[in-house]
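Trainee:
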Amino acid sequence: MKKLLFLCMSIATLVSCSKDDDGGNGGSAAAGTIEASVDGSSFASMEIATTAVEQDANGATMIRVQGSNSDGEGMVLTIMGFEGTGTYEINGSGNLLTNAIYTETDLSNPMDTQTWLAPYDESVAGEIKVSEKTDTNIKGTFSFSGKNEEGGTVKEVTNGSFNVGISEF
4 MKKLLFLCMS IATLVSCSKD DDGGNGGSAA AGTIEASVDG SSFASMEIAT TAVEQDANGA
64 TMIRVQGSNS DGEGMVLTIM GFEGTGTYEI NGSGNLLTNA IYTETDLSNP MDTQTWLAPY
124 DESVAGEIKV SEKTDTNIKG TFSFSGKNEE GGTVKEVTNG SFNVGISEF
């Protein structure tokens, strides 16, 4: 009886285990968009105003995913030294190769644009997880704390995801 119970528990344990690779699950962004929560408010880019760029220079690859919405809000995620799917830490203590920016532009006065940047000090400010990368598309999730240089305010960007077509230069 003990062997049967042990066997059943072992099978239940194996069946319930799941693997989460370094790139995560890819999030829920619609095709061609970036989605996130910014201090609890929803952000969703327009497909027509969203793109990803991949550039190779001197053996290093840079990926930039960016998008904006009709309210003047924008998101930019940059990974310098891209090496495929996985987690890229937004870290101010030496790895300035991965960064994230959230912007708010006053549409009636475009010169009045506020920017929140991560990283903004020596600590870990967030991460970008790339779950899928093909020649034509990149998909993943992100979160970060960005600081405004002018006012010193911090915005929390959470539950971010992207599913964006790539332009290659």
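All residue numbers for the sequence shown refer to our numbering, where the first residue is 4 and numbers rise by one. For glycine and all other residues, C-beta sits at the position ideal for the given N, C-alpha and C.
#1: Need the endpoints of the beta strand (DSSP E) that Leu120 sits in, please.
#2: Count the other CB atoms within 10 Å of the CB of Asp24; is the residue buried (16 or more) or exposed (fewer)?
#3: Per DSSP, Glu92 forms a beta bridge with which residues?
#4: In three-state terms, what does DSSP make of Ala63?
#5: Could you work out which residue in Ser126, Val79 and Ser170 is closest to Thr107 when comparing CA atoms only?
#6: Helix, strand or coil: how does DSSP classify Ala52 here?
#7: What are the partner residues of Glu107, as DSSP defines its beta bridges?
#8: Using a Cβ-Cβ cut-off of 6 Å (strictly less than) and excluding sequence neighbours within five positions of Glu159, which residues of its own chain qualify?
#9: Pick out whichever of Thr137, Ser73 and Thr161 has its Cα sitting closest to the Cα of Ser111.
#10: Determine which residues share a DSSP beta bridge with Thr38 and list them.
#11: Return the CA-CA distance between Gly155 and Thr101, expressed in angstroms with no decimal places.
#12: On the DSSP bridge list, what partners appear for Thr101?
#13: Using the three-state DSSP reduction, which class does Thr156 fall into: helix, strand or coil?
Mentor: This is what the structure holds:
#1: Leu120 -> beta strand (DSSP E) spans Thr116 to Ala121.
#2: Note that Asp24 scores a pLDDT of 46, beneath 50, so its modelled location is shaky; the value from the coordinates is reported in the next line. By the 10 Å Cβ count, Asp24 comes out exposed.
#3: Glu130
#4: strand
#5: Here residue 107 is Glu; the residue named in the question, Thr, does not match the sequence. If we check each option's Cα against that of Glu107, Val79 comes out closest.
#6: helix
#7: Glu76 and Gln117
#8: Asp42 and Ser148
#9: Ser73
#10: The sequence shown places Glu at residue 38, rather than the Thr named in the question. For Glu38, which the question treats as bridged, DSSP gives the partners Ala47 and Ser164.
#11: Between Gly155 and Thr101, the C-alpha separation is close to 21 Å.
#12: Ile82
#13: coil
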